[in-house]
Ligand SMILES: NC(=O)c1ccc[n+]([C@@H]2O[C@H](COP(=O)([O-])OP(=O)(O)OC[C@H]3O[C@@H](n4cnc5c(N)ncnc54)[C@H](OP(=O)(O)O)[C@@H]3O)[C@@H](O)[C@H]2O)c1
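In my numbering, the protein residues as written are 1224 to 1574.
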């Protein structure tokens, strides 16, 4: 049964990943076309604001109401040198969500990285905040498990390379997989953090190697999870038939693969809402770009699931706090509401 409530159960704070999508969206919703140059000139001067409402249905019959708030962060300025401006934009978007009365707010993709460890700034807000990284990580590893079965890859006998291993999502994936695979290969740019994580895992008798160079580890990897916060990762000369989960945002690994060698890639960390959602105004023609209906980022699903469960709490925050127990809990709650991992797809469509 539909809930009579029209209150704002959740909000999502997000940013766009490229100018092509921004141009399509803006020209799709206004009368009279703007040039992409004009759009670039004005876009990042627009203050954060809500763009559309979202209504989501659970398998249980419950309905929740949410809103999407755009930060208007310039997609070419996601690097650390622009961090001050970007933090300002995310903070303003968060204040907007709070003013709208959103009970829980998901910090999508890059916005969670910008505010990492800084959720205390929101302590006085009535809204609760979550990075959504626990369910994102669960969708990534459950996706890898399922895809490995489909590709006839023996997970237990596999060396799994995690690019971005010292990040919040990378660490969660490492801990989830540490007793389920033959070996973990960890990669990130900061050697000290890699060494620390590797030592922790070795103490638990996990077979582990680490390197700052992706290329040094690729020859050994049977499965690759890319959860790095940079767009410059290249995959060259992978083993034959390697399975790759592109878990970052934006998803842009496919253009950086050389000598494919039978590699099979899917976009990970994504869920699918079986009972659907609707946008109001309905901008789905201009913003929906997935290979199947009702696909959505894991971080957004986390806020939805918490709202369905009436658990308006900071479920994921900071870096390195995600536990396997919480990954299993939020995943099973997600399935309870009819939201499971998305069907496997990549730039070329569904597998
Ligand atoms: N699907 C979804 O719903 C969803 C949800 C949330 C986040 N995400 C995406 O997931 C990714 C990871 O998020 P996070 O919160 O875990 O970020 P994070 O905590 O900042 O971690 C990023 C990791 O990437 C590493 N890294 C950055 N650049 C690298 C490079 N060039 N080569 C190798 N390693 C590199 C970082 O270590 P070093 O700095 O030492 O290199 C760190 O280990 C981001 O792209 C984010 O946007 C997706």
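For every residue, glycine included, the Cβ atom is placed at its ideal position computed from N, Cα and C.
Proximity to residue 1373 across 1571, 1567 and 1572 peaks at 1567, based on C-alpha coordinates. Each of 1230, 1534 and 1258 was checked against the Cα of residue 1322, and the nearest Cα belongs to 1230. Cα atoms of residue 1274 and residue 1333: separation of roughly 18 angstroms, rounded to the nearest angstrom. DSSP places residue 1525 inside the alpha helix (DSSP H), whose first and last residues are 1521-1531. One Cα belongs to residue 1544, the other to residue 1423, and the distance between them is close to 15 angstroms. Following the DSSP letters along the chain, one finds residue 1293 inside the beta strand (DSSP E) bounded by residues 1286-1293. Less than 8 angstroms divides the Cβ of residue 1448 from the Cβ of residue 1363. In the structure shown, residue 1416 falls within a helical segment according to DSSP collapsed to helix, strand and coil. In chain order, 1245, 1295 and 1297 place their CB closer than 7 angstroms to the CB of residue 1266, counting only its own chain and leaving out the 5 sequence neighbours on each side.
Fewer than three beta-carbon pairs drawn from the stretch 1276-1283 and the stretch 1249-1263 are found closer than 8 angstroms, and the two stretches are therefore not classed as touching. Contact between residue 1487 and residue 1466 holds, with the beta-carbon distance rounding to 5 angstroms and staying under 8 angstroms.
If you draw a 10 Å sphere on the C-beta of residue 1536, you find fewer than 16 other C-beta atoms in it, and that means exposed. Remark: C-beta atoms of residue 1327 and residue 1360 do not approach each other more closely than 8 angstroms. By the Cβ criterion, the stretch 1427-1434 is in contact with the stretch 1388-1408, since at least three pairs of Cβ atoms, one from each stretch, lie closer than 8 angstroms. Under the DSSP assignment, residue 1307 falls in the alpha helix (DSSP H) whose first and last residues are 1306-1323.
In this structure, residue 1460 lies away from residue 1446, with their beta-carbon atoms at least 8 angstroms apart. The three-state reading of DSSP puts residue 1449 in strand, counting E and B together.
Around the beta carbon of residue 1358, 16 or more other beta carbons lie within 10 angstroms, which makes this residue buried. Measuring C-alpha to C-alpha distances from residue 1484 to each of 1497, 1462, 1499 and 1477 identifies 1462 as the nearest. If you draw a straight line from the Cα of residue 1403 to the Cα of residue 1550, it is about 15 angstroms long.
Residue 1300 has its Cβ no nearer than 7 angstroms to any heavy atom of ligand 1.
Under the three-state reduction of DSSP output, residue 1408 falls in the strand class.
In the DSSP assignment, residue 1352 is bridged to 1328. Only residues of its own chain outside the window of five on either side were considered, and among them 1409, 1431 and 1433 have a CB closer than 7 angstroms to the CB of residue 1421, listed in chain order. In this structure, the alpha-carbon of residue 1233 lies about 8 angstroms from that of residue 1329. Pairing residue 1475 with residue 1454 gives a Cβ-Cβ distance under 8 angstroms. Within the same chain, 1554 and 1564 come within 7 angstroms of residue 1365 by CB-CB distance, once the 5 residues on both sides are set aside. Within the stretch 1249-1289, the alpha helix (DSSP H) runs of at least 4 residues that lie entirely inside it are, in chain order, 1259-1266. For residue 1483, the secondary structure class from DSSP, reduced to helix, strand or coil, is coil. With contacts defined by Cβ atoms closer than 8 angstroms, residue 1491 and residue 1469 form a contacting pair.
Within the same chain, 1373, 1487, 1489, 1566, 1567 and 1568 come within 8 angstroms of residue 1574 by CB-CB distance, once the 5 residues on both sides are set aside.
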